[in-house]
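>
Residue numbers (my numbering): 83 to 455.
1. Taking the alpha helix (DSSP H) that residue 169 belongs to, which residues open and close that run?
2. From what residue to what residue does the alpha helix (DSSP H) around residue 258 run?
3. Return the CA-CA distance between residue 108 and residue 117, expressed in angstroms with no decimal places.
4. Who pairs with residue 91 in a beta bridge, going by DSSP?
5. Can you give the Cα-Cα distance for residue 239 and residue 168, rounded to whole angstroms?
6. How far does the alpha helix (DSSP H) with residue 390 in it extend, from its first residue to its last?
7. Flag this pair as yes or no: are the beta carbons of residue 176 and residue 129 separated by less than 8 Å?
8. Answer with buried or exposed for residue 364, where buried requires no fewer than 16 other C-beta atoms within 10 angstroms of its C-beta.
9. Let me make sure I understand the geometry here. Which of 422, 411 and 417 has the alpha-carbon closest to that of residue 445?
10. Given a cut-off of 8 Å, decide if residue 289 and residue 330 are closer than it, judged by their beta-carbon atoms.
11. What residue does the alpha helix (DSSP H) around residue 322 start on, and which one ends it?
12. Can you give me the C-alpha to C-alpha distance between residue 271 and residue 281, rounded to a whole angstrom?
13. Mind the definition here: the segment 90–105 touches the segment 255–269 only if three or more C-beta pairs lie below 8 Å; say whether that holds.
14. Taking 8 Å as the cut-off, does the segment 139–157 touch the segment 414–430 (at least 3 CB pairs, one atom from each stretch)?
15. Going by C-alpha distance, which of 83, 88, 89 and 185 is nearest residue 157?
16. Return helix, strand or coil for residue 217, following the three-state DSSP convention.
17. Let me check understanding here. Comparing Cα to Cα, which of 113, 362 and 335 lies closest to residue 374?
18. Would you check if the distance between the CB atom of residue 182 and the CB atom of residue 140 is smaller than 8 Å?
19. Candidates 276, 448, 295 and 244: which alpha carbon is nearest residue 436's?
20. Residue 283 and residue 251 - do their beta-carbons sit closer together than 8 Å?
21. Along the chain, where does the alpha helix (DSSP H) containing residue 178 start, and where does it finish?
22. Just reading off the alpha helix (DSSP H) that residue 281 is part of, what are its end residues?
23. Is it buried or exposed, residue 398, if we count other Cβ atoms within 10 angstroms and call 16 or more buried?
24. Looking at the secondary structure, which residues open and close the beta strand (DSSP E) in which residue 399 lies?
25. Excluding sequence positions up to five away, which residues of its chain have a Cβ less than 8 Å from the Cβ of residue 370?
26. Quick check on DSSP: helix, strand or coil for residue 417?
27. Bridge partners for residue 384 per DSSP, in chain order?
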């Protein structure tokens, strides 16, 4: 049996194989952030398809952190019953599931446009070419309020049956905004040197552990480099990852920080059609893996089975984290386990993301076209 199907564990969570469904926004919650029947089937199909750990899409912990209309919420207790149904569906099919805790920070600005609220951010940057929207700087009380909201959200996640939570600390959202020296120009205890810019992450971790329990698994997706010059550099990002591991985060998913203007500067690179284009964060993950004592998850353009196996065999990562391939083939892990080691049929066209923007629902456009032809 391939190493990809060997059991693996984090400090407090046992997983049946090395495959992770990376957090993927599906646009299928209701307008109040509750789980829908469509989502129950979506997650049941993923679990049935053989993946070891499913990480949900972005789930906002506070009303100020919502960034999209049909986004799940974990900001209030009334969402717990729906999430209980979802976690039960996943567990009944043999997988584990983590809730991704999210706050958009300034990236919530478009959602709050024409509403009586301004998006919040560590620092306001005038004439920022990478940001189009209105935001205001958070004060000390607001920072602590959001930290508390993360802890409360994790407590709800545990009550709802989630096996873990993952802090979304990548892709330019609020924790990423605190970490990046580009978006964090503060001169108080929350800005300046790296440890100050990571204080937000550290206090969130402590708050979660105090409310959800010291043995409740807390994972993090961290952006270790921004997608443009002048932002967070990977050298400092790798040190940040090492500190997060030392503080107790029990698995690190290595990704991008603030996004640039094109797909080449985001986590959603297009036309990943050749082996040398795959695993585009491999060098970051490999370097961080050699420096930390917690499991790492490699994400980013992985399509070829043999390459995934090689990464794990060489000790460059502990888990293979996939997003777009599961949109096209939710059962791809089962196919691989049965011996059909084909390359993932996702062609990285990103039409699934365009469909999400246009129709509000995540789906593989290519697969839809194949069925209709």
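Where is the CB? At the ideal position from N, CA and C, for every residue including glycine.
Reading from the atomic positions:
1. Taking the first residue of the chain shown as position 1, residue 169 is located at position 87. First-last of the alpha helix (DSSP H) with residue 169: 162–173.
2. Within the chain shown, numbered from 1, the residue matching residue 258 stands at position 176. First-last of the alpha helix (DSSP H) with residue 258: 256–261.
3. Within the chain shown, numbered from 1, the residue matching residue 108 stands at position 26. Within the chain shown, numbered from 1, the residue matching residue 117 stands at position 35. Their backbone Cα atoms lie some 11 Å apart in a straight line.
4. As a first step, residue 91 is located in the chain shown; it is residue number 9 there, counting from the start. Residue 91 is bridged to 96.
5. Numbered from its first residue, the chain shown carries residue 239 at position 157. Numbered from its first residue, the chain shown carries residue 168 at position 86. Going by the C-alpha atoms only, they are around 11 Å apart.
6. Position 308 of the chain shown, counting from 1, holds the residue named residue 390. Note, residue 390: alpha helix (DSSP H), 387–395.
7. Along the chain shown, read from residue 1 onward, the residue named residue 176 stands at position 94. Along the chain shown, read from residue 1 onward, the residue named residue 129 stands at position 47. Yes.
8. To locate residue 364, count along the chain shown from 1; it is residue 282. Under this definition residue 364 is a buried residue.
9. As a position in the chain shown, residue 445 is number 363, starting the count at 1. Taking only the C-alpha atoms, the option nearest residue 445 is 411.
10. The count along the chain shown starts at 1 and reaches residue 330 at position 248. The count along the chain shown starts at 1 and reaches residue 289 at position 207. It is not a contact, given that the beta carbons lie outside the stated cut-off.
11. Sequence index remark: in the chain shown, residue 322 carries index 240 (1-based). Run containing residue 322: 316–329, per the alpha helix (DSSP H) assignment.
12. Indexing the chain shown from 1 puts residue 271 at position 189. Indexing the chain shown from 1 puts residue 281 at position 199. Distance between the alpha carbons of residue 271 and residue 281: 8 Å.
13. No, because fewer than three Cβ pairs between the segment 90–105 and the segment 255–269 fall closer than 8 Å, the two stretches do not touch.
14. no
15. Taking the first residue of the chain shown as position 1, residue 157 is located at position 75. Per the Cα distances, 185.
16. Looking up residue 217 in the chain shown gives position 135. Residue 217 falls in the strand class under three-state DSSP.
17. Along the chain shown, one-based indexing puts residue 374 at 292. Residue 374 has its Cα closest to that of 335, out of 113, 362 and 335.
18. Taking the first residue of the chain shown as position 1, residue 182 is located at position 100. Taking the first residue of the chain shown as position 1, residue 140 is located at position 58. Going by C-beta atoms, residue 182 is nearer than 8 Å to residue 140.
19. If you number the chain shown from 1, residue 436 lands on position 354. Nearest to residue 436 by alpha-carbon distance, out of 276, 448, 295 and 244, is 448.
20. Indexing the chain shown from 1 puts residue 251 at position 169. Indexing the chain shown from 1 puts residue 283 at position 201. Their beta carbons are under 8 Å apart, which means residue 251 touches residue 283 by this criterion.
21. On the chain shown, position 96 is the one that residue 178 refers to. Premise fails: residue 178 lies in the beta strand (DSSP E), 178–184, not in any alpha helix (DSSP H).
22. Numbered from its first residue, the chain shown carries residue 281 at position 199. 281–294 is the extent of the alpha helix (DSSP H) around residue 281.
23. If you number the chain shown from 1, residue 398 lands on position 316. It is buried - the Cβ of residue 398 has at least 16 other Cβ atoms within 10 Å.
24. Sequence index remark: in the chain shown, residue 399 carries index 317 (1-based). Unbroken run through residue 399: none, as it is neither H nor E.
25. For the purposes of this step, residue 370 is identified with residue 288 of the chain shown, where counting begins at 1. If we look at residue 370 and ignore the five residues flanking it on each side, its Cβ neighbours are 306, 320, 323, 324, 334, 336 and 378.
26. Sequence index remark: in the chain shown, residue 417 carries index 335 (1-based). Note: residue 417 maps to helix in three-state DSSP.
27. Your numbering for residue 384 matches position 302 in the chain shown. Partner(s): none; residue 384 has no beta bridge.
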